[in-house]
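Heads up: the structure comes next, in structure tokens.
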Amino acid sequence: MEKKLALELVDFLYDSPSACHGVKATQKILDENGFIEIKETDKWDLQAKGKYYVIKNDSALIAFEVGTGDIEETGLRLIGAHTDVPGFRIKPNPQMISEGKYVKLNTEVYGGPILHTWFDRPLSIAGKVSLKGASPLKPETRLVNINKPLLIIPSLAIHMNREVNEGFKINRQVDTLPLLGLINDKLEKEDYLMNILAEELKVNKEDILNFELGLYEYEKGMLIGMNEELISSGRFDDLWMVYAGIKALVDSRENEATKVMICIDNEEIGSLTAEGANSTLLNNILERIALGLGKDREGYYRALANSIMISADLAHAVHPNLGDKHDPTNRPVLEGGPVLKIAASGSYSTDSFNGAVFAGVCEAAGVPFQKFVNRSDVRGGTTIGPVTAANLTIPVIDMGAPVLGMHSIRELASVKDNYYTIKAFTEFFSL
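When we follow our numbering, the leftmost residue of the sequence shown carries the number 24, and every step to the right adds one.
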């Protein structure tokens with residue numbers, strides 16, 4: 024079972040080269056398990072035990088199963104994760120020719136990737152493209168995945184940069200531009216990227232109005248280690264938790280409480296978008312769930328007062344070569360189970376109450392759990408937890424599955440922790 028779930032995760036990550044594709048892969052799982060898509064433009068008439076989901080801007084999805092109890096009394100049981108990953112986005116008018124021979128693409132950094140891990144690897148392109156539609160106000164949106172090794176960011180030879188192994192400052196505008204290919208004199212003025220997109224989408228390139236495209240590592244993830252106990256893959260952060268949460272939602276027992284899985288976008292750049300956690304999206308959808316069940320605003324706020332959420336992201340496992348980078352007494356390891364994330368600064372939303380809830384959930388699920396706190400002289404990251412707790416004013420547990428190499432193009436996790444996390448999430452939704 025553990026290895027089967029790990030291989031399912033690898034497939035899910037491979038099918039999710041962008042946030043939009045992650046939503047599409049999630050939608051496929053939901054459709055196969057009896058969930059129905061509803062639109063923000065619809066009038067919602069929800070039924071007890073009904074299974075629904077809403078998609079926002081192609082890159083965020085909120086799925087929910089209505090509980091058997093009165094939502095005002097039983098509240099909402101929520102898990103939240105994000106669909107976006109750190110990497111590179113392609114700029115408008117991206118084509119650049121150098122030395123009369125090389126075709127490069129102009130890119131910008133998205134989020135906080137470990138830049139050097141992107142060098143010398145086969146890369147491809149995925150995202151969405153906007154085409155001419157029925158009217159200027161309604162362009163057509165299509166997802167695209169150029170599923171072949173298309174680009175590479177070549178390193179400079181050590182002979183020309185003798186200090187590279189002593190530390191090399193990477194210039195994001197100069198050093199990380201991906202090479203698309205080579206040209207000859209006759210083809211120098213071709214618009215290569217637009218030609219590729221038009222061919223992939225089977226449209227005229229004049230119909231392409233805009234795009235949101237990112238780079239991704241072409242090679243699929245895999246199980247590695249002496250006993251295939253480790254998982255090496257890109258996009259763990261945070262599509263792993265999207266997969267674990269959706270898996271738990273469809274596998275969990277019927278509950279009096281309404282179960283909600285939140286797959287939100289743009290966490291890596293601060294969440295301040297229409298489809299991000301620092302918007303009114305989640306509040307709007309949750310209120311509409313209450314209204315769709317015949318409640319009023321008073322009923323919605325009563326439901327919130329009986330609700331609790333898990334903010335599911337990743338957590339830093341102690342590095343095998345650099346253990347002194349971690350807190351001396353809180354040292355999560357791979358195969359140690361999900362990790363409760365705690366910060367006096369408030370960068371994580373865990374407190375004593377919701378931390379105790381998480382401990383109880385893990386005990387009920389029969390899985391181990393760990394705790395993470397940053398070294399006091401190291402500034403850590405944050406999650407959707409604090410902003411969601413502030414916007415909804417409900418308890419939000421900040422936790423994550425342990426990983427090595429977070430924000431690398433290729434992160435490392437364990438098969439057991441995937442199993443433990445899914446089991447804990449399933450128990451949370453089932454209680």
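Cβ coordinates follow ideal geometry from the N, Cα and C atoms, glycine included.
As the structure is a prediction and not an experimental result, all values here were calculated from the model.
Problem set entry | Three-state secondary structure (DSSP) of Glu31 | Within the sequence shown, numbered from 1, the residue matching residue 31 stands at position 8. Correct three-state label for Glu31: helix.
Exercise. What is the C-beta distance between Lys151 and Glu235, in whole angstroms, given that I count them as a contact (C-beta under 8 Å)?
Worked result: By 1-based counting over the sequence shown, the position of residue 151 is 128. By 1-based counting over the sequence shown, the position of residue 235 is 212. Confirmed, about 5 Å.
For this session: Consult DSSP for Ser375 and reduce its assignment to one of helix, strand or coil.
Result: One-based indexing of the sequence shown puts residue 375 at position 352. Of the three classes helix, strand and coil, the one that applies to Ser375 here is helix, per DSSP.
Problem set entry | Within 9 Å, strictly: CB atoms of Phe381 and Leu363 | For the purposes of this step, residue 381 is taken as residue 358 along the sequence shown, with counting starting at 1. For the purposes of this step, residue 363 is taken as residue 340 along the sequence shown, with counting starting at 1. Yes; because the gap between Cβ atoms is below 9 Å, this pair is in contact.
Problem set entry | Rounded separation between Gly408 and Thr416 - CA only | Here residue 408 is taken as the residue at index 385 of the sequence shown, counted from 1. Here residue 416 is taken as the residue at index 393 of the sequence shown, counted from 1. Their backbone Cα atoms lie some 11 Å apart in a straight line.
For this session: Sort Gly123, Asn344, Arg112, Tyr443 by Cα distance to Gly134 and report the nearest one.
Result: Numbered from 1 along the sequence shown, position 111 holds the residue referred to as residue 134. Nearest option by C-alpha distance: Arg112.
For this session: Can you give me the Cβ contacts of Gln70 inside the same chain, cut-off strictly under 7 Å, excluding the 5 residues immediately before and after it?
Result: The count along the sequence shown starts at 1 and reaches residue 70 at position 47. Closer than 7 Å at Cβ, skipping near neighbours: Val89.
Problem set entry | Helix, strand or coil at Val89 [DSSP, three-state] | Within the sequence shown, numbered from 1, the residue matching residue 89 stands at position 66. Correct three-state label for Val89: coil.
Exercise. Residues in its own chain within less than 8 Å of Val46 by CB, not counting five upstream and five downstream?
Worked result: In the sequence shown, counting from the first residue as 1, residue 46 sits at position 23. Only Ile78, Asp81, Ser82, Ala83, Leu84, Thr106, Cys286 meet the Cβ criterion.
Problem set entry | Secondary structure of Pro409, DSSP reduced to three states | Mapped onto the sequence shown, residue 409 falls at position 386. Helix.
Problem set entry | CB-CB length for Phe58 against Lys282, believed under 8 Å | Translated into positions along the sequence shown, residue 58 becomes position 35. Translated into positions along the sequence shown, residue 282 becomes position 259. Rounded, the Cβ-Cβ distance is 11 Å, inconsistent with contact.
For this session: Note down, in chain order, each residue of its chain lying with its Cβ closer than 6 Å to the Cβ of His430, except the 5 sequence neighbours on either side.
Result: Taking the first residue of the sequence shown as position 1, residue 430 is located at position 407. Around His430: Pro109, Gly135, Pro136, Ile137.
For this session: Tell me whether Val401 is buried or exposed, calling it buried when 16 or more other Cβ atoms sit within 10 Å of its Cβ.
Result: On the sequence shown, position 378 is the one that residue 401 refers to. Per the 10 Å Cβ criterion, exposed.
Exercise. For Glu25 versus Tyr323, is the C-beta spacing smaller than 9 Å?
Worked result: Walking along the sequence shown from the start, residue 25 turns up at place 2. Walking along the sequence shown from the start, residue 323 turns up at place 300. Going by C-beta atoms, Glu25 is not nearer than 9 Å to Tyr323.
For this session: Could you tell me the boundaries of the alpha helix (DSSP H) in which Arg320 lies?
Result: Taking the sequence shown and counting its residues from 1, the one referred to as residue 320 is at position 297. Counting along the chain, the alpha helix (DSSP H) containing Arg320 begins and ends at 320 to 328.
For this session: Take Leu200 and list the residues in its own chain whose beta-carbon comes closer than 8 Å to its own, dropping the five residues that flank it on each side.
Result: In the sequence shown, residue 200 corresponds to position 177, counting from 1. The answer, listed in chain order, is Met119, Lys127, Leu128, Asn129, Thr130, Ile176.
Problem set entry | Phe191 - DSSP class collapsed to helix/strand/coil | Taking the sequence shown and counting its residues from 1, one reaches residue 191 at position 168. Coil, per DSSP.
Problem set entry | Length of the line joining the Cα atoms of Asp319 and Ser330 | By 1-based counting over the sequence shown, the position of residue 319 is 296. By 1-based counting over the sequence shown, the position of residue 330 is 307. If you take the alpha carbons of Asp319 and Ser330, they lie about 17 Å apart.
Exercise. Within 10 angstroms of its Cβ, does Ile269 collect 16 or more other Cβ (buried), or is it exposed?
Worked result: Numbered from its first residue, the sequence shown carries residue 269 at position 246. Under this definition Ile269 is a buried residue.
Problem set entry | Beta-bridge partners of Val126, as assigned by DSSP | What you label residue 126 is simply residue 103 of the sequence shown in a count that begins at 1. According to DSSP, Val126 bridges with Ile120, Gly204.
For this session: Tell me whether the beta-carbon of Asp288 lies closer than 9 Å to the beta-carbon of Ile445.
Result: Sequence index remark: in the sequence shown, residue 288 carries index 265 (1-based). Sequence index remark: in the sequence shown, residue 445 carries index 422 (1-based). Against a cut-off of 9 Å, the Cβ pair of Ile445 and Asp288 comes out as no contact.
Exercise. Can a CB atom of chain D be found closer than 9 Å to the CB of Thr130?
Worked result: In the structure shown, chain D does not exist; there is a single protein chain.
Exercise. Secondary structure at Phe395, three-state DSSP: helix, strand or coil?
Worked result: As a working mapping, residue 395 is identified with position 372 in the sequence shown. Residue state, collapsed to three classes: strand.
Exercise. Among the residues of its own chain, which have a CB less than 7 Å from the CB of Ala313, if the five just before and after it don't count?
Worked result: Within the sequence shown, the letter at position 290 stands for residue 313. If we look at Ala313 and ignore the five residues flanking it on each side, its Cβ neighbours are Ile94, Gly322, Tyr323, Ala326.
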